[in-house]
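Counted from 1, the sequence shown has number 10 at position 20 by the working numbering; the numbering is strictly sequential.
The beta-carbon is built from N, C-alpha and C at its ideal position, and this holds for glycine as well.
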Amino acid sequence: MRLNIIKNKGFTMVELLTTIVILGVLSTMAIVAVTRVINKSRTSQKESQEKTMEMAARNYLQSNTNKMPKAIGETRKIAVSELKTTNFLKEDLKNSSGEDCMEKSYVKVDKISKTDYSYTAYLYCGDDEVKDDTPDVNPTIKIEFKGTKDASGNIQDVTTAYLLISIEGGKKGSNITPLDGYSFSLSVKTGEDPNYREVYNSGTLNANNKEKILIEKPLKDYIDITSKTLVKAKVVARDIDGGY
């Protein structure tokens, strides 16, 4: 009689451990991928809501011009609850967890030049803590009129005189906050004219994240050198943290 002996070969301990390790790695990779997708979705939702807030604030102020910032550097805050009450925001804002974002959220509006405004949305949902949006240190601006001056400090030779503007980002410890944008204007008052007249306005210019900017403007390009003229310069600068 012949006996057929069948051997059942199982997994060795090494093979089992290898399989467990591989499954663990795959599980970790899957969790990381899913987490990344969820975080990206949350970020996209927040960015979309912030854009909605900013657009609503623009439309709101276009219809309520009396509430717009009047002076360059002035700031106004528009609560999202006000935007919803006045129908400029159509739906309540909620985050991906369904938490309400209406109570503490707002849009900060800054007047950065004669005709330009910046809109920054601050979205707070659920138990989010409202942070102070005021920067620690604002940019430093120096304005000088250079040229040969008399004993009273008046410039004698306008043909060689110039305006020097220095803008530097605010210092936080040993670091300097880069500049985001700036604008400047020149106004003159000639002869017996009681009012200043704007003769130059740069509009909003990109600072390209520079820490310091120097501007030189010859006065002869803007001043009538045949008569007595008073000159006034106005400069506005904004850093990447929103400081003025």
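Just to confirm, is the Cβ distance from residue 222 to residue 186 under 9 Å? yes
Simplified DSSP assignment, three categories, for residue 161: strand
Exposed unless 16 or more other CB atoms sit within 10 angstroms - verdict on residue 129: buried
Does DSSP put residue 200 in a helix, a strand or coil? coil
Nearest to residue 44 (by Cα), restricted to the options 211, 108 and 226: 108
Span separating the alpha-carbon of residue 227 from that of residue 202: 11 Å
Span of the alpha helix (DSSP H) around residue 74: 70 to 75
Of the listed residues 77, 102 and 157, nearest to residue 194 (C-alpha basis): 102
With 16 as the cutoff for other CB atoms within 10 Å, does residue 148 come out buried or exposed? buried
Residue range of the beta strand (DSSP E) that includes residue 185: Note, residue 185: premise wrong, no beta strand (DSSP E); not H, not E.
Check for me: the beta strand (DSSP E) holding residue 110 runs from which residue to which? 107 to 112
Would DSSP call residue 226 helix, strand or coil? strand
Which residues share a DSSP beta bridge with residue 172? 195 and 227
Buried or exposed (CB count within 10 angstroms, at least 16 for buried), residue 61: exposed
Measure the C-alpha to C-alpha separation of residue 83 and residue 90 and round it to an integer number of angstroms. 6 Å
Taking the straight line between their C-alpha atoms, what separation do you get for residue 191 and residue 59? 19 Å
Quick check on the DSSP output: the beta strand (DSSP E) that includes residue 135 runs from which residue to which? 130 to 136
Cut-off 8 Å between Cβ atoms - residues of its own chain near residue 67, not counting five sequence neighbours on either side: 96, 97, 98 and 99
Quick check: the Cα distance between residue 170 and residue 151, rounded to an integer number of angstroms? 29 Å
Got a sec, what are the start and stop residues for the beta strand (DSSP E) residue 98 sits in? 96 to 101
Measure how close the beta-carbons of residue 127 and residue 92 come, nearest whole angstrom, since I'm counting them as under 8 Å. In fact, because the Cβ distance is near 32 Å, the residues do not count as touching under 8 Å.
Inspect the beta-carbon positions of residue 224 and residue 156 and report whether they are closer than 9 Å. no
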